[in-house]
Every structure is written in structure tokens, then in C-alpha cells.
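**Student:** Residue numbers (this note's numbering): 6 to 111.
Just so you know, even glycine gets a beta-carbon here, dropped at the ideal spot from N, CA and C.
To start, I am sharing the structure in question, which I have written as C-alpha cells.
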């Protein structure tokens, strides 16, 4: 299902909730996105209210615990290479499109 969902995409937006980093298939989706050459960005969504008006605590960024080699051959965390934003604090409503375009250019 993940592979089908990645078809015809150029950017992968990782929505980071309270438990995203512990979810079984998140790492796989990120790895497959990189293999395809997709741009990548993370967006914390913990500040968004659910249908009952509650919010979750901020979760760990799964990009922090995934690594690759940069252009100089050094091992670096994906969170160093790809931007992460907070949807609430960074005005995701007004900026999400720009963030996605930026990730596509990288």
C-alpha cells in the first residue's frame, strides 16, 4: 500500500505526531521515498486539535534516528538534511505549499 501511495510523487511529507517515530511502517516509507529521489520534509502536527478539542504531546522526529551520507561522504542524520516545521507555530496553513515546493527543489 505504501509503495502504491508513493507512485507519481516527488515529495514526501512526514506528519509527526506523538507516536509517529514508533510506528512500524514510517521508517520504510521514508527509506522508499529517498530511494525514489523524493524531496522530504517533516511537519509536527501535535498542536492540531482533535475532534474533542485535545492536542497530543510533541513526538520524536523519526528523521533524527535515520542516517545517510552527505555529499562529503560523512554520515549525517536525515533531520540535518531535510527541514522540519511545526504546523501550528510556523503557520502551516499559510506555508505548507511553500515548504513542499522547497523540499521538491532540494
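Between residue 54 and residue 60, what straight-line distance do the alpha-carbon atoms span, to the nearest angstrom?
**Tutor:** Going by the C-alpha atoms only, they are around 5 Å apart.
**Student:** Can you name, in chain order, every residue of its own chain whose Cβ lies under 8 Å from the Cβ of residue 82, other than the five neighbours on each side?
**Tutor:** 68, 69, 70, 71, 72
**Student:** On the DSSP bridge assignment, give the partners of residue 85 in chain order.
**Tutor:** DSSP lists no partner for residue 85.
**Student:** Could you work out which residue in 92, 51, 62, 43 is closest to residue 86 when comparing CA atoms only?
**Tutor:** 43
**Student:** Just verifying my parser: in three-state terms, what is the DSSP assignment at residue 96?
**Tutor:** coil
**Student:** I believe residue 22 touches residue 64 by the beta-carbon criterion, under 8 Å. Please report the beta-carbon distance rounded to the nearest angstrom.
**Tutor:** 5 Å
**Student:** Tell me whether residue 61 sits in a helix, a strand or coil according to DSSP, three-state version.
**Tutor:** Residue state, collapsed to three classes: coil.
**Student:** In whole angstroms, give me the CA-to-CA distance for residue 102 and residue 30.
**Tutor:** 25 Å
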